[in-house]
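The structure appears below as structure tokens.
4 protein chains.
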Amino acid sequence: MSAPNYSFASDNTAGLCPEAWAALAEANAGRAPSYGDDPWTAQAKKLFRDTFETDCEPFLVFNGTAANALALAALCRSPHTQILCHETSHVDVDECAAPEFFTGGAKVIPLPGPDGKLRPAEVERALLRGHGVHYPKPGALSLTQSTELGTLYTPDEIRALTASAHARGLAVHMDGARFANAAAALAARGVSPADFTWRAGVDALCFGGTKNGMLTTEAVVFFNRDLAREFEYRVKQGGQLASKMRFSSVQWVHLLRDGAWLRHGAHANAMARRLADGLRAFGLRLIQEPAVNGVFVEMTPAVYDAMTARGWHFYRFVGDHGYRLMCAWSTTPAEIDAFLADLKQVLAPA
Amino acid sequence: MSAPNYSFASDNTAGLCPEAWAALAEANAGRAPSYGDDPWTAQAKKLFRDTFETDCEPFLVFNGTAANALALAALCRSPHTQILCHETSHVDVDECAAPEFFTGGAKVIPLPGPDGKLRPAEVERALLRGHGVHYPKPGALSLTQSTELGTLYTPDEIRALTASAHARGLAVHMDGARFANAAAALAARGVSPADFTWRAGVDALCFGGTKNGMLTTEAVVFFNRDLAREFEYRVKQGGQLASKMRFSSVQWVHLLRDGAWLRHGAHANAMARRLADGLRAFGLRLIQEPAVNGVFVEMTPAVYDAMTARGWHFYRFVGDHGYRLMCAWSTTPAEIDAFLADLKQVLAPA
Amino acid sequence: MSAPNYSFASDNTAGLCPEAWAALAEANAGRAPSYGDDPWTAQAKKLFRDTFETDCEPFLVFNGTAANALALAALCRSPHTQILCHETSHVDVDECAAPEFFTGGAKVIPLPGPDGKLRPAEVERALLRGHGVHYPKPGALSLTQSTELGTLYTPDEIRALTASAHARGLAVHMDGARFANAAAALAARGVSPADFTWRAGVDALCFGGTKNGMLTTEAVVFFNRDLAREFEYRVKQGGQLASKMRFSSVQWVHLLRDGAWLRHGAHANAMARRLADGLRAFGLRLIQEPAVNGVFVEMTPAVYDAMTARGWHFYRFVGDHGYRLMCAWSTTPAEIDAFLADLKQVLAPA
Amino acid sequence: MSAPNYSFASDNTAGLCPEAWAALAEANAGRAPSYGDDPWTAQAKKLFRDTFETDCEPFLVFNGTAANALALAALCRSPHTQILCHETSHVDVDECAAPEFFTGGAKVIPLPGPDGKLRPAEVERALLRGHGVHYPKPGALSLTQSTELGTLYTPDEIRALTASAHARGLAVHMDGARFANAAAALAARGVSPADFTWRAGVDALCFGGTKNGMLTTEAVVFFNRDLAREFEYRVKQGGQLASKMRFSSVQWVHLLRDGAWLRHGAHANAMARRLADGLRAFGLRLIQEPAVNGVFVEMTPAVYDAMTARGWHFYRFVGDHGYRLMCAWSTTPAEIDAFLADLKQVLAPA
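Residue numbers (my numbering), protein chains in the order written: chain A, 37 to 386; chain B, 37 to 386; chain C, 37 to 386; chain D, 37 to 386.
Right under this line is the structure:
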């Protein structure tokens, strides 16, 4: 009945989480050196290393498109290269050819795969394409964790893919726009962030801050430090070096230091499960069982239109009947319940 | 029985045709201004205009990859663009991402289609992909005439594609690496070069010289003169401006002025038909009826190996049993007959 | 005597101004559509148009390097172009070749000129260089207002430069990292923001938010709307489209709506004058009379070292004896006085 | 009196030398594998190694702009780099920003130096510019041998520059558009091609074929083989891989195998000296004593106009009175004498 401005459109329509807000306030007291020579940046770097239990090399940039494109440029190192990715991946379908632009002309090659996930056989088949210099050489394999369809790679699946990639000369990139959701889900199975990144062969991770409740900050974390060489120049030339970097770093300090990033991820995941349970109870078909914070469900366009008319905001995603409902760190049980209550009315026969 | 070094591997393994050779000799007498300020370049430009019956704007570059990539860059005008092409097209699979490089990061999108040809429905479906600025905007549609599978678009088919493209903001490029073969085949049906290029809506044509018997020269012919603006700068910056341009221009003069280019195309096409007839007579299945100078035929790997062992050179092209045999301006009936004689022995039961 | 962590190193070591902070708090209440479909973005666009008294086209990006480089790419439209700028300009010496990168290969050409300012004669002399396609064609002229040496172009000076530029095919870019300081200084002479931008022939302005007290936001304002065509795609492909754009827009709303941006600029300028007056009173030579918020003064390295030892932070800028002291929106009279008090002790004979 | 179409405009207005012509004829007999899998390409590679007495890695491309730009891209390896060169160098003033384009955005920095030559002090001073990531990192030093002013670096001068460059992280490129002229002049002093290239620290050489009498071929010779890694992909993606490569290779075979390249260089140099002696005898001032095949002389615009009216073609090069007269492999003593005879009449008082 009510039509609040609640939204399941994206996990980036939420605002800043309390920890991020407190962090900004802390950094805003007084002056500090610019371009990363401040104490928070050093502290954030240490926290990334602690989080991943390894001497990784983290860099902060402004958004996910830049993080992915710059990381891929660093992994490919030249424009005459191939970037393999899943056909639903953000780097192929949602970044306006930013990877092609930042690499200076690499070829992004979308590959099929069930559940939004790549498999080694698909990667190997792709690498048979072309002959010699007439086709770009293997550059990078890009994996999305969690995927665009709300699924998760297991560490074993990642390991199989990275082994196959490395054997063929591809460096491995992980798009972790929703890394926190993935890490929270995997933590419940006893899998650490290290386990499904560098220990599974990932060379560089884009660790999303925005969808985790932060403002204008994403981290590019190099586990393969050779590939981080000169990355600071790429960041600067790419228009991604913050003069007031402390405002980015301080947010990571507040989110990483006591696990708030994981708690927010876990909360969003739990909200998605609550929502999925409600939808299933109404007899709607879930396209994927929600592994993280996205719910993919089938409904008729008429139902969608009726929900939209009641002020709910979410997107059609797959075919004509597949819809995506995203939960965020800020989603509340009350929002879920209000949505389900409205949906019940919409679905009810006259 | 004999095993000469005859080759059906490609139409660029042939040497220079007599007219091209005579042309080079003519240009080599004495000095001439560089960078196109010579009399042959002016004459060649006029001959292109006569050939196409319109005030087109031709430019000469060194090879087909550069011709295609520079033309596409001119048609797209910016890196945040899509280039649509057939999934077998040279611009996607044989140019090492040169279109991505010369455009500065456009996305080349391969599309399926029977017989190596695109259809408007496929183009329109492709343009539904992506939303707003998150996906590159329509840039160029690239058609290959004759196609990589040795087929031809009719003028009506081209017109339907260009109408669809122009309505959606795509400029239209024609990769004419084998334009002479296409033009010769269509001339037999009363279709002129103008009819299946600008009259059918093509904005820019890459007119292949190399496969027509010339040395290191391809023409980029703009029918849409607006899109030719500043192209001379692209050519120079792209490393494609010949200082001794007269040696390129003079070849076009000699080939275009009395139709030698068409005669060479027609000859290669006729040789392909002779070869196809012979193969069919042996009971081999032709994958495509040869419309131009390529013959696509099925044979077993064992037969292929036996022919290779006898010194014949050609490539596997489709699947495990599809082979391509290319004829050139220089292919002789005797070569065809020798090939067929050897094949007869190979195929003969003991 | 005291050694606080006061800094005159840069105007980007300051934090966020109160208006920017209040703005962030306002945007953080609840959810809002992403990518600019929020109410603040619409409001900010209107305020830019009001501020400049014209139907300009503003875009928001993250930092100054990206703003300049993307704007120059839009003005040049192709990589075979020249960008003329002053030899002290940020686009040449402080952006790691970002303009070369974002244009895809334009040539940035630094020119001399007294007081950090270009003159038409210098621009015209530069354009005599090169011949035809062997040199890139005129693309853009970049002016910095206020300049890197703390000086100001008058509207007449700008008009003379833009007239000269437009006559030669150069579009005109203004790097306004310190636009607020310039506008405040010129307002005191009765010159409006419109007067020294579009009315003086500027095609696109990079309007700095960071140095005006905002967080991670700069505006690219196109007065020549033709040149803004497709800029939204450049922003996205360039990794500069904020998903949570409301946090950028809301700051502009709060700064522009009642002139806070100008007050902050005027305050920083006033602090620079107070500082300059003090330095002059000590007998130090000012390299430039401060027109805006930077003070350029000569002192000995020994004096500089002594001040550094007392905790003051600022940079050597010109030669061995020229130092730069930057004031910000947050600089207080007390800071100035503390600096001068320390300097007095340093300068005092035993 | 006579006004033949003789030209001293450039050494690329000449045609093909007899060896190049014979080479083309040889390659034109029959078919051969494309893309360098022919016997001449293998032979040419061996001859480059013999000529330079080292296991260098040569590649053939079409023209000098592409050779320089691709070589610099290989040496810099990334777009966030500086390329230092002399302010008269072809890579800065005559290639339409091709180095910027092929590197994807490197900054080309022209430096002054007497006689068209760089000195270590100038290189080192240039490298003081910029701070940290705010300025592109050292990429490549480009030297031109012989220079654009017809002068020569000695091996010692080159060694001093390459030592300085390597110590600062710059790879060293030599633009040898007129390498044959330089080699011939230095051979007379007992200096071998190896002595003033790799033995003096040069990493990659662009060895000009066009100005030595060949058609559409230049060699990029890597002495530092690490830097040649993946260069074959750059060549292909850059539109510089010849399908009929044998026609390029065979010319190098014929020119290199018995020293014809050096004889042509020596001849052009001798013609320049004959011309210079004649000019000096008329009392004209030589701007540079000709070390190779270019004569730089002062004359009045009136004299220049009168010579032009008599059909002689050459260019103003420095200031208002400095003119350049280039000799080629094809220049004859009779041409020189005819020029001097005409000039005598022009200079003669009534």
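Using N, Cα and C, we set each Cβ at its ideal position, and we do this for glycine too. The structure presented is a predicted model; accordingly, all values stated were derived computationally and were not measured.
query, result
"Could you confirm whether any beta carbon from chain C is found closer than 7 angstroms to the beta carbon of His116 (chain D)?", "yes"
"His170 (chain D) touches chain C at which residues, Cβ-Cβ below 8 angstroms?", "Val129, Asp130, Glu131 and Cys132"
"Note down, in chain order, all residues in the stretch 261–275 of chain B with a beta-carbon under 8 angstroms from any beta-carbon belonging to chain D.", "Tyr269, Lys272, Gln273, Gly274 and Gly275"
"Can you tell me whether Glu62 (chain C) is helix, strand or coil according to DSSP?", "helix"
"For Asn260 (chain C), I'd like the list of residues in its chain whose CB is within less than 6 angstroms of its CB, leaving aside the five on either flank, ordered along the chain.", "Asp239"
"Flag this pair as yes or no: are the beta carbons of Phe232 (chain C) and Ile194 (chain C) separated by less than 7 angstroms?", "yes"
"Within the chosen definition, does the stretch 135–155 of chain B reach the stretch 101–109 of chain B through at least 3 CB pairs nearer than 8 angstroms?", "yes"
"For Ala218 (chain C), tell me which candidate among C:Val97, C:Phe353 and C:Thr187 has the shortest Cα-Cα distance.", "C:Thr187"
"Buried or exposed: where does Ala370 (chain C) fall if 16 or more other Cβ atoms within 10 Å of its Cβ makes it buried?", "exposed"
"For Arg225 (chain C), count neighbouring C-beta atoms within 10 Å of its own C-beta (all shown protein chains included) and say buried if the count is 16 or more, exposed if not.", "exposed"
"What are the uninterrupted segments assigned as alpha helix (DSSP H) that are 4 or more residues long and contained completely in the stretch 150–199 of chain D, given in chain order?", "156–162"
"Let me see if you follow: with CB-CB separation under 7 angstroms, is Gly205 (chain B) close to chain A or not?", "no"
"With H, G and I counted as helix, E and B as strand and the rest as coil, what does DSSP make of Asp341 (chain B)?", "helix"
"Who are the near neighbours of Glu268 (chain A) in its chain, counting only those whose CB is closer than 6 angstroms to its CB and skipping five residues on each side?", "none"
"Any Cβ of chain D within less than 7 angstroms of the Cβ of Gly141 (chain C)?", "yes"
"Should Val256 (chain B) and Phe95 (chain B) be called a contact, given that it needs their Cβ atoms to be closer than 7 angstroms?", "yes"
"Where does the unbroken beta strand (DSSP E) through Val328 (chain D) begin, and where does it stop?", "Run containing Val328 (chain D): none; DSSP gives neither H nor E here."
"Between the C-alpha atoms of Asn41 (chain B) and Val289 (chain D), what's the straight-line distance to the nearest angstrom?", "Residue confidence for Asn41 (chain B) is low, a pLDDT of 49 falling below 50, so the modelled location carries little weight; the figure read from the coordinates is stated next. If you take the alpha carbons of Asn41 (chain B) and Val289 (chain D), they lie about 22 angstroms apart."
"So is the beta-carbon of Ala304 (chain D) under 6 angstroms away from any non-hydrogen atom of the ligand GDP?", "Questions concerning the ligand GDP fall outside what the structure shown contains, since it holds no ligand whatsoever."
"Suppose you measure from the CA of Ser43 (chain C) to the CA of Val354 (chain C); what does that come to, to the nearest Å?", "19 angstroms"
"Within the continuous alpha helix (DSSP H) that includes Val382 (chain B), where are the two ends?", "Pro369 to Leu383"
"Where does Tyr351 (chain A) sit, in a helix, a strand or coil, going by DSSP?", "strand"
"State the Cα-Cα distance for the pair Ala45 (chain D) and Ala278 (chain B), rounded to the nearest angstrom.", "16 angstroms"
"Only counting the same chain, and skipping five residues up and downstream in sequence, which positions put a Cβ closer than 7 angstroms to that of Ala58 (chain B)?", "His290"
"What number of angstroms, rounded off, separates the C-alpha of Leu154 (chain D) from the C-alpha of Gln181 (chain D)?", "11 angstroms"
"Does Thr344 (chain A) pass the burial test, meaning 16 or more other C-beta atoms within 10 Å, or should it be called exposed?", "exposed"
"When you compare the CB of Arg360 (chain C) with every CB in chain A, is at least one pair closer than 7 angstroms?", "no"
"Using beta-carbon positions only, say whether Leu376 (chain A) and Gly319 (chain A) come within less than 7 angstroms of one another.", "no"
"Could you work out which residue in B:Cys242, B:Glu131, B:Arg161 and B:His202 is closest to Ala176 (chain B) when comparing CA atoms only?", "B:His202"
"Assign Gly66 (chain C) to buried or exposed, taking buried as 16 or more other Cβ atoms, counted over all protein chains shown, within 10 Å of its Cβ.", "exposed"
"Can you pull the chain D residues whose beta carbon is under 7 angstroms from the beta carbon of Lys280 (chain A), in chain order?", "Ordered by position in chain D, no residue passes the 7 angstroms Cβ test against Lys280 (chain A), which lies about 15 angstroms from the chain."
"Look up Asp211 (chain D) in the DSSP assignment and say whether it is helix, strand or coil.", "strand"
"What's the gap between the Cα of Asp211 (chain B) and the Cα of Ala221 (chain B)?", "16 angstroms"
"Would you kindly work out how many angstroms separate the C-alpha atoms of Val227 (chain C) and Thr117 (chain B), rounded to a whole number?", "41 angstroms"
"By the criterion of Cβ-Cβ separation under 8 angstroms, what are the contact partners of Leu277 (chain C) in chain B?", "Val169"
"Anything in chain D within Cβ reach of Arg165 (chain C), meaning under 8 angstroms, just list it in chain order.", "Val129"
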